[in-house]
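Asker: One point on numbering: in the numbering used here, the residue at position 509 of the sequence shown is 515, and numbering is uninterrupted.
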Amino acid sequence: MKGDLPFVDGLGSLKNWGYDVYASYSRSNGDDSISGIPYFPRLEQTLANTTVDPITGDSSCAPRGVTGEGQTINCRALDFFSPEFILTGRFADPADNEYFFPNRITNTVVEQIVYSGFVTGDVFELPAGPIGAVLGGELREDRIETRTDVGTAGGEFFGFSSDPGSNGERTLIEAFGEVEIPVFKDQPFAQDLSINLAARYTSENNFGEETTYRIQGNYAPVDWFRVCGSFGTSYRAPNVGEQFGGRVVGFGNPNDPCRTPGLTVPFGDYDNDPSTPETREYQPDLENRTQVVLDNCTNGGGPFGLAPTDPTNLGIGGLGTTNPVFFGSPTQGASGSNPNLEAETSEALAGGIVFEQPWFDAFDFRLSVSYYDIEIIDEVANLTAADIVAACYNSVGLTDPQCQFVTRTPRVAGDETSGEITFVEALNPNLDQRNTRGVDYNVEFDYAFNIPQLEGDINYSFIGRATNTLEQVALEAIVGGFDENDNLGEYGNPEWRLNLTNIVQYNDWSVLWQSRYIDSMIEDNIEDQRNEPTTSFFSPCVQAGYTKCLQFDDLDEYWVHDMSVRYETGTWVLRGGVSNIFDEAPPLTTNNDVSNLAGIGYDLGGRTLFFNVTKAF
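#1: Looking only at its chain, what residues have a beta carbon closer than 8 Å to the beta carbon of residue 127, apart from the 5 residues adjacent to it on each side?
#2: Measuring alpha carbon to alpha carbon, tell me which residue in 370, 176, 479 and 164 is nearest residue 45.
#3: Spatial neighbours of residue 620 within its chain, please: C-beta separation below 6 Å, excluding the five flanking residues on both sides.
#4: If I'm right that residue 508 touches residue 468 with Cβ under 8 Å, what's the distance once you round it to whole angstroms?
#5: Relative to the alpha-carbon of residue 304, which residue among 357, 319, 122 and 38 has its alpha-carbon at the smallest distance?
#6: Under 8 Å, do residue 339 and residue 430 count as touching if we go by C-beta distance?
#7: To the nearest angstrom, report how far apart residue 572 and residue 472 are at their CA atoms.
#8: Indicate the three-state DSSP secondary structure (helix, strand or coil) for residue 246 in the structure shown.
#9: Would you tell me roughly how many angstroms separate the C-alpha atoms of residue 359 and residue 225, rounded to the nearest one?
#10: For residue 7, collect the residues of the same chain with a Cβ closer than 7 Å to its Cβ; drop the 5 residues on either side in sequence, then sort them by chain order.
#11: Contact between the stretch 404-423 and the stretch 272-289 is defined here as three or more beta-carbon pairs at a separation below 8 Å; is this criterion met?
#12: Can you tell me whether DSSP reads residue 324 as helix, strand or coil?
#13: Below 8 Å between beta carbons: does that hold for residue 321 and residue 265?
#14: I need the boundaries of the beta strand (DSSP E) containing residue 413, first residue and last residue.
#15: The beta strand (DSSP E) with residue 123 in it runs from where to where?
#16: Could you give the uninterrupted runs of the alpha helix (DSSP H) lying entirely in the stretch 277-359, keeping only those of 4 residues or more?
#17: Run the CB neighbour count on residue 594, radius 10 Å, all protein chains shown included, and call it buried at 16 or more, exposed below.
#18: From the DSSP output, read off the bridge partner residues of residue 395.
#19: Leaving out the 5 sequence neighbours to the left and right, which residues in its chain are closer than 6 Å to residue 504 when beta-carbon positions are compared?
#20: Who does residue 30 pair with in a DSSP beta bridge?
#21: Given a cut-off of 8 Å, decide if residue 381 and residue 441 are closer than it, judged by their beta-carbon atoms.
#22: Roughly how far, in whole angstroms, is the beta-carbon of residue 568 from the beta-carbon of residue 583, given that I think they are within contact range, below 8 Å?
#23: Going by alpha carbons, who is nearest to residue 453 out of 428, 345 and 463?
#24: Please report how far the alpha carbon of residue 276 lies from the alpha carbon of residue 302, in whole angstroms.
#25: Only counting the same chain, and skipping five residues up and downstream in sequence, which positions put a Cβ closer than 6 Å to that of residue 363?
#26: According to DSSP, is residue 54 helix, strand or coil?
#27: Tell me where the beta strand (DSSP E) around residue 179 begins and ends.
#28: I need the straight-line Cα distance from residue 299 to residue 399, nearest angstrom please.
#29: Return the Cβ separation of residue 231 and residue 361 in integer angstroms, given the expectation that the two are a contact with Cβ distance under 8 Å.
#30: From the DSSP output, in three-state form, read off residue 62 for me.
#31: Going by beta-carbon coordinates alone, are residue 342 and residue 254 separated by less than 8 Å?
#32: Determine, using beta carbons only, whether residue 222 and residue 236 come nearer to each other than 8 Å.
#33: Counting along the chain, where does the beta strand (DSSP E) carrying residue 561 start and finish?
#34: Grab the span of the beta strand (DSSP E) containing residue 427 for me, first residue to last.
#35: Taking the alpha-carbon positions, what's the residue 64 to residue 150 distance?
#36: With a threshold of 7 Å on Cβ separation, who are the neighbours of residue 73 within its own chain once the five nearest residues in sequence on each side are excluded?
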């Protein structure tokens, strides 16, 4: 709801005041259902109560009720030795599958109430124009509740620990103000000079109070050239999902860097006796793990007291024999929200120029160049168990704080299964600091021309957007200082991105051609951690000098092109085209440390035809 405030006009120098207020309520309710997981109580009931008729050979299960998933189902006799179950892991009878593999259900409800409003108007008049102001506030209440079924809460599904659900809420109160000050207008030395000041006060019941601000300046010596700059701070308290979304404990398989790679224990004639069978033995010259990792595994310790282990035979039993055993138990881990998160804060510096050519009427040309420098402190991240283990064991002396979330059992003499990572706590953490610098380029060109055989003008437009990232650095705290991790040019952080759009319009028809570019990327800026021999567990690539066994971790640059045609008549708009017209697949790497890079811009669907119709009423 918005309107004017006529009673304010005339109060001193106040003029043209109005208001805008609104309120909203939203609620979402969703279920997360996982099927195909064995349910322990029904397994126990089946094993304890199944009997076999000695005459007919038929099996039956006493009809005792077994609860789970909010229902009671009679016990069923299950044949775990049937060919169907052995080959597929499923029973031939759908009722048996429904009984043994009930859905693991988690229900999440999220609610939000928002009250917001502001007033705006002129405070008083300056020679260059009126000073405009905005004053406002907002009250926001967020709630989240995660409910689980009986089996999920009790940890009775195979591979999952207990998840009793969670709930939480927060109240956010904000007050803000902004003023626009015209300093000079239409002067010989300044077509326009203005300053914008803004401030915001935030109070969050879980994180306290914070004040942020922004200072922005704009200077145009002439009407076709402009210089602008700004500096500001920001504050973001973690949302209710990041704080109270729930904690799930299950089993995963993060790569244990101390587990001996299969390529380091090849078969060979180590006793120099051709008459005896070949055996497997550890060969240090085939080792591709860094010395830092090997030392961390062997020595253990560090400020978080990780247990030592033996990286030359962990996960392998029977070395020196003809039939060694490779093993590894699943690693239990916790993932999800973190009620101990800190709020994010940031500082941002930006500056740029804008040029609009004034000399030719035949075409329009606009160029803008903007520089940005952003520093984020305590960024909320979503690290996987693999990320945490890798960060820990790649730090000198196990000094990375992520080590506190890793649990490794001590190595026991004579027990070849001991010494492995048993638990990783992968809750949302705060990263220490992230710095990003770069330059954005924007070009716009419009040109209208006429072909004698056609009636009316043909309009051509070009829009170019480019981002050149100059710095992408994460400063991560370690015991005794900070570790600077340069991510620029690595997976997920290309140095260049381009978006080029060409549009030709004639009467009711228009044709669009759009091209997107993503720069090449590498696995790691540390040279000795790139293009290393593959770590596939049973790799045949153990021959010295066999270069085909190197895994090249570089991702090639990537172009993708789209084309569409649009026709508009009256209230109807018809549009059709082809996305990824040349069917360009994302670049591939033999690296097994990364899958697809979500959010980067690669087209994973291939060439796609589309058509849509829009009608205005």
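Note that beta-carbon positions come from the ideal geometry of N, C-alpha and C, so glycine has one too.
On a predicted model such as this, the values are computed, not experimentally measured, just so you know.
Answerer: Well, looking at it:
#1: Once the five neighbours on either side are set aside, the close Cβ partners of residue 127 are 11, 14, 20, 21, 22, 23, 24, 138 and 139.
#2: Closest by C-alpha distance to residue 45, out of 370, 176, 479 and 164, is 164.
#3: Setting aside the 5 residues that flank it on each side, residue 620 is surrounded in the same chain by 579, each with a C-beta closer than 6 Å to its C-beta; the list follows chain order.
#4: Indeed they touch by this definition, with Cβ atoms about 6 Å apart.
#5: Closest by C-alpha distance to residue 304, out of 357, 319, 122 and 38, is 319.
#6: Using a Cβ distance threshold of 8 Å, residue 339 and residue 430 count as a contacting pair.
#7: Going from the Cα of residue 572 to the Cα of residue 472 covers about 26 Å.
#8: Helix at residue 246.
#9: Rounded to the nearest angstrom, the gap between the Cα atoms of residue 359 and residue 225 is 10 Å.
#10: So the qualifying residues of the chain are 27 and 28.
#11: Cβ pair count under 8 Å is below three, so no.
#12: Correct three-state label for residue 324: coil.
#13: Between residue 321 and residue 265, the CB-CB gap stays under 8 Å.
#14: Run containing residue 413: 412-414, per the beta strand (DSSP E) assignment.
#15: Per DSSP, residue 123 belongs to the beta strand (DSSP E) from 110-132.
#16: DSSP runs (the alpha helix (DSSP H)) wholly in the stretch 277-359: 297-305.
#17: Residue 594 should be labelled exposed.
#18: Residue pairing by DSSP places residue 395 in no beta bridge whatsoever.
#19: The residues are 472 and 523.
#20: 120.
#21: Going by C-beta atoms, residue 441 is nearer than 8 Å to residue 381.
#22: Between residue 568 and residue 583, the beta carbon gap of about 7 Å places them in contact (Cβ cut-off 8 Å).
#23: Per the Cα distances, 463.
#24: Cα to Cα, residue 276 sits roughly 29 Å from residue 302.
#25: Same-chain partners within the cutoff: 371.
#26: In the structure shown, the three-state DSSP call for residue 54 is helix.
#27: Segment 172-193, the beta strand (DSSP E) holding residue 179.
#28: Near 6 Å, if we compare the C-alpha coordinates of residue 399 and residue 299.
#29: Contact between residue 231 and residue 361 is confirmed by a C-beta separation of about 6 Å, below the 8 Å threshold.
#30: In the structure shown, residue 62 falls within a coil segment according to DSSP collapsed to helix, strand and coil.
#31: The criterion of a C-beta distance shorter than 8 Å is satisfied by residue 342 and residue 254.
#32: Contact: yes.
#33: Premise fails: residue 561 is in no beta strand (DSSP E) and is neither H nor E.
#34: Counting along the chain, the beta strand (DSSP E) containing residue 427 begins and ends at 427-433.
#35: Each residue's Cα considered, the two are about 50 Å apart.
#36: Because residue 73 carries a pLDDT of 49, less than 50, the predicted location of this residue cannot be relied on, and the following value inherits that uncertainty. Cβ within range, chain order: 156.
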